[in-house]
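First residue of the sequence shown? That's 336 in our numbering, and the numbers climb one at a time after it.
One structure below.
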Amino acid sequence: MALSLQSASLVRDKVYNALYTNASVKNRLWWNAAREFFNQWVYSGGNADLQFVPFAEADADAAGGTVLADAACQVYLFYVKKLNSATENTAKLFDDATDDTTTTDQAQGITLGAANQEAMLIFPTGFDMAAGVVVTQHTTPEGVTDGSDGGDGFVVIGAA
């Protein structure tokens, strides 16, 4: 999907709602971390438009991954909450516009090994994705074997 940027304040509200929906013991930590990111974004990032892109475990589980953006962009937030399964799994972002088949395109990963575990990566100045963003999940951080029992999550992206 092409970039569809909107006001950073609207994206902030979507992030807060997603974190609230995925409420957990750590909810306050994620909410505060996201709030601080958006506070800094307003003052030092120029308050440029962003895009909130949610994904479900089924999206990451699809063969070849699922395209979240098919254009060059910057990733600012990457959040994943594991489903109720203790099977270790790694949610990954690939710098690609079509799929996860080129292993050298793997850009970021979050490995979760416990049921309902969650994590967030924050890139205050953005993580460059030259081709696009594909989300997938594999059974190991360095592997290419598609996993299952992953998690739901979202990315916040902006223009390259």
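Heads up, the beta-carbon is just placed ideally off N, CA and C, and yes, glycines get one too.
For residue i, three-class secondary structure by DSSP
i    : result
Q409 : strand
L456 : strand
A404 : strand
From the options, residue whose alpha carbon lies closest to that of residue i
i    : options                : result
G486 : G467, M455, V479       : M455
Q443 : D463, Q452, A432, P459 : D463
G496 : A432, V402, S344       : Any answer about residue 496 is impossible in this case: the structure gives the chain only from 336 up to 495.
D435 : V402, A494, S339, L354 : V402
A421 : A369, G482, Q341, N362 : G482
F458 : P476, N424, V470, V410 : V410
W376 : G461, L418, E392, L364 : G461
L340 : F387, W365, N362, A393 : F387
V346 : S379, A369, A449       : A369
A449 : A494, N374, G467, L418 : L418
D500 : Y351, L364, D396       : With the chain covering only 336 through 495, there is no way to say anything about residue 500.
T433 : F372, A407, L385, S379 : A407
Residues of its chain near residue i, where Cβ-Cβ distance is below 7 Å and the 5 sequence neighbours each way are ignored
i    : result
V415 : A426, I445, L447, E453, A454, G486, G488
V479 : T438, H473
P389 : A353, F489
A391 : D487
G399 : D434, D435, T436
Proximal residues to residue i (C-beta, below 6 Å), its chain only, five neighbours per side dropped
i    : result
D440 : F429, D430, D431
E371 : none
Bounding residues of the alpha helix (DSSP H) (the contiguous stretch that carries residue i)
i    : result
T356 : 343-356
D487 : That residue, D487, is in no alpha helix (DSSP H); its beta strand (DSSP E) goes 486-494.
L364 : 362-379
E392 : 392-396
N-terminal and C-terminal residue of the beta strand (DSSP E) that residue i is part of
i    : result
A426 : 424-429
A442 : 441-447
T471 : 468-473
Close Cβ partners of residue i (< 8 Å) along its chain, the five nearest in sequence each way excluded
i    : result
P476 : T425, G444, T446
E423 : T446, L447, G448, T474, T475
L412 : V350, A369, F372, M455, L456, I457, F458, F489, V490, V491
A465 : A407, D430, A495
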